[in-house]
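Below: the structure, in C-alpha cells.
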Amino acid sequence: MTGRALRRHITSRVMTVLVIALSFTAVLALVLILGNLVLKGASSIDWAFFTKSPVPAGQSGGGVANAIVGTGIIVGVAALIGVPLGVGAGIYLAEYGSGRLGFLVRFVADVLNGTPSIVIGIVGWTFIVKPSGHFSALAGSVALAILMIPMLARTTEEMVRLVPHSLREAALALGYPRWRTSLKIVARTALGGIVTGCLVGIARIAGETAPLLFTALGNLNFSVHVTQPMQALSLQIYVYATGPFEDWHRLAWASALVLMGLVLIISLLARWVTRQRYGSIR
Amino acid sequence: MSSASPLPRSPTLLGADRSDRIYRSLLTAIAFALPGLIVIILGVLFIEALPALKRFGPSFLWTSTWDPVAEVYGAAPMIFGTFASSLLALLIAVPLALSVAIFLTEFSPRWLRQPVAFLVELLAAIPSVVYGTWGIFVLIPFLRAHVVPPLKAVFGWTPFLQGVFYGNSLLAGGIILAIMIVPYIAAVSREVLLAVPTSQREAALAMGATRWEAVRSAVLPYGRAGLIGAVILGLGRALGETMAVTMLIGNRHDIALSLLQPAYTMAAAIANEFSEATTGMYQSALMEVGLILFVLTVAVNAVARILIWRVARGAAVGSKAL
Amino acid sequence: MVASANTRLQLETAHLTALFGQHRAVRDVSLLFPAHTVTAIIGPSGCGKSTLLRCLNRMHELTPGASVTGEVLLDDVNIYAGDVSPIELRRRVGMVFQRPTPFPTMSIYDNVAAGLRVNGRRPRAEMDDAVARALQQAALWDEVKDRLHASALDLSGGQQQRLCIARAVAPQPEILLLDEPTASLDPAGTQRIEELCHALKRLYTIVIVTHNMQQAARVSDYTAFMYLGSLIEVGRTDELFTKPKLEQTEAYITGRFG
C-alpha cells in the first residue's frame, strides 16, 4: 500500500469509528435519562400516588390523581378540536393541494410546526383567559390543539398520498362522487396511517407544559370542569421539580415517570397501528 | 336477466354535484385555518405588544434594564441568552446528530437500524419538563462534580469559565438543549440522507473511494442543503424551547460571557414572569418578547424548510419527529 | 324514460377530440359502438386508445389540464352537455382498469356492493342477490361463495380482476369499458377474461382497449384501429383482420410497426 492509500484508509477508519462513537454517545444519553427516570420514579410510586390528590406543601404523602385525570381531559378535548381540523387540512392538501394555495398551506404548516409552544400559550391566554376573566382547562386544550393541527395536517397528507391513484379512479368510475371517494375509499384506505399520525400528535401534546402555564394554570384540587383551572401532569412536575421540598422532588420523579410512560404507551400504540396497516395493505 | 332488473336507477343523466362542492369548500375552509392562525398569532402579539413597542421603540432590543418597578424594560439579556444557549446547544448537538444520521444510513448493520432509530425517536418524545427535571437532579450535580472542575482547570483562564458555578447556568441550559435537539436534527438529517440516490454512493465507491470518502464526497454534498436545513430546524427548536431551559438556565437578566453564570432566554422569561406581570406595561413588554421570539422562529423555520424542500421535493420530511 | 338493459342502446362519438393542455391525444374521432357487441380499439402505445375510452365515461376530464371537444352520445344524449352529471353517467357506464383495483379495506362482498351502495340503501336480501348475480356474471361466484367476507386482497391477480368486473357490472350499467383488462394477468387469467367478454355482451355493450391483436381478434365483433390519435379504420373484426382497406392498418396488424 502506498503512503497515500494508507493515509486514506486510516482517515476512513478513524472517521467511521468517530461517527459510531458519537452515535452511541447520543443514544447513551437517552438510556441514562430513561434509566434515571425509572430508578428514581419507580421507588416513589405507590397506590396513593394514583388515587390521591396533593396534600398541602410540606406534608408528606398524597398523589397526583387530579393531574392524571386533568391531563386526560385537557388532551382529550384538545384532540377533539385538533384532530378534525388537522386531518381535514391534511386531506385538503392531498386532494386539492397541488396549486399555489396548497403550497402556501403546506409551507405555513411546516413553519407553524416549529412555533415555540410558550407563544401559543400567551396567545391562548389573550384569546380566551383574558376575555373570560378566568383560567380554564378549555383554554389549555385550545392551545394544545393549535400545536397539534399543523403536524396532523402534514402527516395526514403524507398518508393519503400513499394511497394509489388507481383506487381513486376505480371509485370515481363506479359513480362515486369525489367527496365519497375521498372519505370512503382514499381516507379509509389511509386510516391506519392517519390514526398513527393522530396518536403521535397526542403523545406530543400530552407532555407539553408551556402552553398550559397561563391557560389551564393548574389546580391543587380534583376538578373535571373544563371551564375551571385544571391540573396537568406536566404542570405538576414543573411545580414539584422546582419546589424546595424533598418530598416534592420525589413526587416530581414519580410524575415524570408516569407522564413518560403515558407518552411511551401512546407512541407504541401508534407503531402498532402502523404495523396493522402494513399488514392489511401489503 | 334484464327483465328481472328491479334496480332503480336515475332516469336521466342529469344531476348537480353539490355535495362535492360543499366537501371541497369545507376542506378549503379548514385548511385555510392554518394561514389564518399565523396571521392571528402575529396580530394578537402585535396588538398586545403595542404599548411596549410605542414606549421603548427599537431600543427594547439592545437595552439591558428590566425593572418592573420603574416600568423600564429592555430585552437584550434574554435575546443574548437565547442565542448563546442555542449556539452552545448546536455546537454540541450537530456532531452528535449528524453522526447518528450518517451511522443509521451508511454504516449501521441492518438489524441495528430500527432499534437505534426507535431510540432516537423516543428521545424526541420525552416531554420538555421531564428533561428539565432530569437536568435539575442529575445533570447539574454531575456537571458540578465531574465536568466543571476539570474544565476550569484547563480553560479557567478564558472569559467563558469565569466565576463560581451556580448550577443553574448557561452551561446547564445549553447542554440540556443540546440533548433535546439531537433527535430532531438526527431524524431530519436521516431522512435527507435517505433521499440521496443510491447511485451517488455507488458512483463514488466504483471510483475506488472508501466508504467514508463516499459519504464525504458524494452523500454529504448531495444532501448539503437539506442537512443545513435540519440544523437550522434544530436551531429553531432551541430558540423556542421553554420548560427545560426555564428550569436550568438560572433566569437572571444579565449578560455574562461565562458559561457558568445564570442567564435568561426569551421563552424562559415569558414562562417565568407572565403570571407575575400585573401591570399593563409589564405584560406588554413580555408580549413584545413573544412577538420577537415568534418572528424569529418563523423566519428560522422558513429558511430551514426551503432548504429541506430543495432536497426532499416537498415531502413532509421530519414532520413525524417534530 | 327508464333505460333498461335490453333497450337498443347506442353509444357513439361525434368529432371527438381529447386534449391534454394543447396536445391532442384523440383527434376528431367519430365512431359507433353498436349495442350488445364487443368493440375492440387497437393501436400502438400512445395512439390515444385509452384516452378515447376514458372520454366515454368522462374520466378523461379528471386529469388536470385535460379537455374535450366534440360529442359523445349515449342514447342520443350528449354526455358532455352542461347539465349532465358525470357521476350519474359513470353509474351507467362501468369501467375496468389495466391493473386490478379492489378496495383494500373492503371484503369481497363489500367490493361488489360498493357501486350499489353509492346508489342508495337497499334491503339486505336484494343486495345479497345483486352481489351473487354480479359475481356469477364475472364467473367468480364458485370460487368465492364460501368466503364472501374475506379480504379482497386474498384473491389472486386474475380473481381480483374478475372481482373488479363483478364490481363494475353489479350496478347493471349499460356500457362496460375495459382498459387493457388482461395487461397484468397470466395466460390462464387472460383466457377467463376473454371468455367473459363473450358471455357479457349479451347484457352489456362492451368496449375493450387492447394492444394485443390476437385478443382483439378473439373477443370482438368490431375493431377500430387508431394511430397518432386518429381513427384510421373501423370494421367488422373478421374483415379488418383479413382484408384491411388501408395500408397502414395492414402494416400494423401484420406486425410491421407498433
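Chains as they are written, first to last, in the numbering used here: chain A, 1 to 282; chain B, 283 to 604; chain C, 605 to 862. For every residue, glycine included, the Cβ atom is placed at its ideal position computed from N, Cα and C. Computed from a prediction, not measured in an experiment: that's the story for all the values here.
Item                                                                                                                  : Value
Cβ shell of C/ALA738 (< 6 angstroms), same chain only, five flanking positions each side left out                     : VAL716, ALA770, VAL773 and ALA774
Contact list for the region 558 to 586 of chain B against chain A, Cβ threshold 7 angstroms                           : MET569, GLY572, LEU575, PHE576, THR579, VAL580, ASN583 and ALA584
Reduced DSSP secondary structure (H/G/I, E/B, other) of B/ALA286                                                      : Unreliable positioning characterises B/ALA286 in this predicted model, as indicated by a pLDDT of 36, which lies under 50. A coordinate reading is not provided.
The beta strand (DSSP E) enclosing C/SER671, as first and last residue numbers                                        : 670 to 678
Closest by C-alpha distance to A/ALA153, when choosing among A/GLY243, A/VAL83, A/PHE214 and A/LEU212                 : A/VAL83
Within 7 angstroms, strictly: CB atoms of A/GLY175 and C/VAL722                                                       : yes
Those residues which DSSP pairs with C/SER834 across a bridge                                                         : C/ARG631 and C/TYR831
Simplified DSSP assignment, three categories, for C/ALA855                                                            : helix
Three-state secondary structure assigned by DSSP to C/VAL809                                                          : In the sequence on display, residue 809 of chain C carries Thr and not Val. Strand, per DSSP.
Contact the region 412 to 420 of chain B vs the region 246 to 257 of chain A: 3+ CB pairs below 8 angstroms           : yes
C-alpha gap between B/VAL527 and B/GLY455, whole angstroms                                                            : 5 angstroms
Within-7 angstroms CB hit, C/GLY704 to chain A                                                                        : Per the sequence shown, the amino acid found at residue 704 of chain C is Pro instead of Gly. Not an interface residue.
Chain A contact for B/GLY490 (CB, 7 angstroms cutoff)                                                                 : no
CB contact below 7 angstroms: C/ARG725 versus chain A                                                                 : no
Where A/ASP110 falls, given that 16 or more other Cβ within 10 Å makes a residue buried                               : buried
CA-to-CA distance, B/PRO431 to B/PHE424, given in whole angstroms                                                     : 11 angstroms
Cβ-Cβ distance between B/ALA500 and B/ARG483 below 7 angstroms                                                        : yes
Residues near A/VAL55 in its chain [Cβ-Cβ closer than 6 angstroms; skip 5 each side]                                  : GLY61 and GLY62
Contact set for B/ILE374: own chain, Cβ-Cβ below 6 angstroms, skip 5 residues either direction                        : ALA460
Whole runs of the alpha helix (DSSP H) within the region 467 to 515 of chain B, excluding any shorter than 4 residues : 480 to 488 and 493 to 496
Nearest-angstrom Cβ-Cβ length linking A/ALA232 and A/LEU212, presumed shorter than 8 angstroms                        : 6 angstroms
C-beta atoms of A/ILE73 and A/ALA216 nearer than 7 angstroms                                                          : no
Proximal chain B residues relative to A/ASN36, where beta-carbon distance stays under 7 angstroms                     : TRP416 and VAL420
Rounded straight-line distance, which links the Cα of C/PRO727 to that of B/ALA383                                    : 58 angstroms
Beta-bridge pairing of C/VAL697 - partner residues as DSSP gives them                                                 : C/ILE779
Selection of the region 316 to 327 of chain B by Cβ proximity to chain A, strictly under 8 angstroms                  : LEU316, PRO317, LEU319, ILE320, ILE322, ILE323, VAL326 and LEU327
Assumed close pair A/PHE50, A/ALA65 - CB separation to whole angstroms, cut-off 8 angstroms                           : 6 angstroms
Contacts of A/ILE194 in chain C (Cβ-Cβ under 8 angstroms)                                                             : Ordered by position in chain C, no residue passes the 8 angstroms Cβ test against A/ILE194, which lies about 12 angstroms from the chain.
Against chain A: residues of the region 709 to 736 of chain C by CB proximity under 7 angstroms                       : THR709, ALA718, GLY719 and VAL722
Backbone CA spacing between C/PHE637 and C/ARG703 [nearest angstrom]                                                  : 24 angstroms
Opposing strand residues paired with B/GLY356 [DSSP bridges]                                                          : Partner(s): none; B/GLY356 has no beta bridge.
C/PRO785, buried or exposed, once every other Cβ within 10 Å from all chains shown has been counted against 16        : buried
Contact set for B/VAL398: own chain, Cβ-Cβ below 8 angstroms, skip 5 residues either direction                        : VAL382, PHE385, LEU386 and SER390
N-terminal and C-terminal residue of the beta strand (DSSP E) that C/THR643 is part of                                : 642 to 646
Closest Cα partner of A/THR227 within the set A/LEU138, A/SER267, A/ALA173 and A/ALA48                                : A/LEU138
Nearest-angstrom Cα separation, counted from C/VAL630 out to C/GLU851                                                 : 21 angstroms
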